[in-house]
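Enquirer: Counting with the working numbering, you get residues 306 to 431 for the letters of the sequence shown.
Pasting a structure below so you can have a look.
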Amino acid sequence: MPYVNVPNDLSRVKTKLAFNLTKRQLICFGGGGLVGVPVYLLTRGAVGGTGAMFLMLGIMLPAFLMAMYEKDGLPFEKVVRNIIRARFLRPGPRPYRTQNIYAPFAGKEVFELEHKDQKRRARKGR
């Protein structure tokens with residue numbers, strides 16, 4: 306008997322609009338196509354067919370990446386924004402530092418020991 310797997314968490318299921326693609330994927334692919342195809346047509350005469358194809362590919366790849374890449378339910382641009390915030394904009398780890406309230410007394414002990422040494426030497430030197 307055939308059966309269909311139903312995921313436990315239905316909030317992660319995305320609705321598909323056309324060609325089994327989500328709305329986000331359709332928008333990104335459409336935007337990439339709207340930019341990439343004219344670039345190919347305009348540069349084909351200047352750099353040749355292969356060069357124009359590679360140029361079109363380089364221009365359209367970011368749109369493809371934005372459409373397809375997703376990590377932990379976050380789209381590509383949010384993942385990149387979080388990485389930039391964590392690495393460059395926010396301050397790094399700060400070591401835990403406190404002020405030593407006993408520091409004045411620590412120097413006082415050394416001073417007292419030196420003072421006693423000087424007194425002993427003065428008595429012996431007499």
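From the three backbone atoms N, C-alpha and C, an ideal C-beta is built for every residue, glycine too.
#1: In the DSSP assignment, find the alpha helix (DSSP H) that holds Thr355 and state where it starts and stops.
#2: For the alpha helix (DSSP H) containing Asn325, list its first residue and its last residue.
#3: In chain order, which continuous runs of the alpha helix (DSSP H) of length 4 or greater are located wholly inside the stretch 383-430?
#4: Any idea if Gly350 is buried or exposed, counting beta-carbon neighbours within 10 angstroms, 16 or more meaning buried?
#5: Confirm, please, whether the CB-CB distance from Phe369 to Glu375 is below 9 Å.
#6: In whole angstroms, what separates the C-alpha of Asn310 from that of Asn325?
#7: Give me the Cβ distance between Leu362 and Thr348, rounded to the nearest whole Å; I'm assuming they're in contact under 8 Å.
#8: If you draw a straight line from the alpha carbon of Gly397 to that of Leu379, how long is it in whole angstroms?
Expert: Inspection of the coordinates gives the following:
#1: Along the sequence shown, one-based indexing puts residue 355 at 50. Thr355 -> alpha helix (DSSP H) spans 328-373.
#2: Here residue 325 is taken as the residue at index 20 of the sequence shown, counted from 1. Premise fails: Asn325 is in no alpha helix (DSSP H) and is neither H nor E.
#3: 408-430
#4: The residue labelled residue 350 in the question sits at position 45 within the sequence shown. Classification for Gly350: exposed.
#5: As a first step, residue 375 must be located in the sequence shown, where it is residue number 70. As a first step, residue 369 must be located in the sequence shown, where it is residue number 64. Against a cut-off of 9 Å, the Cβ pair of Phe369 and Glu375 comes out as no contact.
#6: Sequence index remark: in the sequence shown, residue 310 carries index 5 (1-based). Sequence index remark: in the sequence shown, residue 325 carries index 20 (1-based). The alpha-carbon atoms of Asn310 and Asn325 are separated by roughly 18 Å.
#7: Position 57 of the sequence shown, counting from 1, holds the residue named residue 362. Position 43 of the sequence shown, counting from 1, holds the residue named residue 348. Not confirmed; about 12 Å, so no contact.
#8: On the sequence shown, position 92 is the one that residue 397 refers to. On the sequence shown, position 74 is the one that residue 379 refers to. Between Gly397 and Leu379, the C-alpha separation is close to 24 Å.
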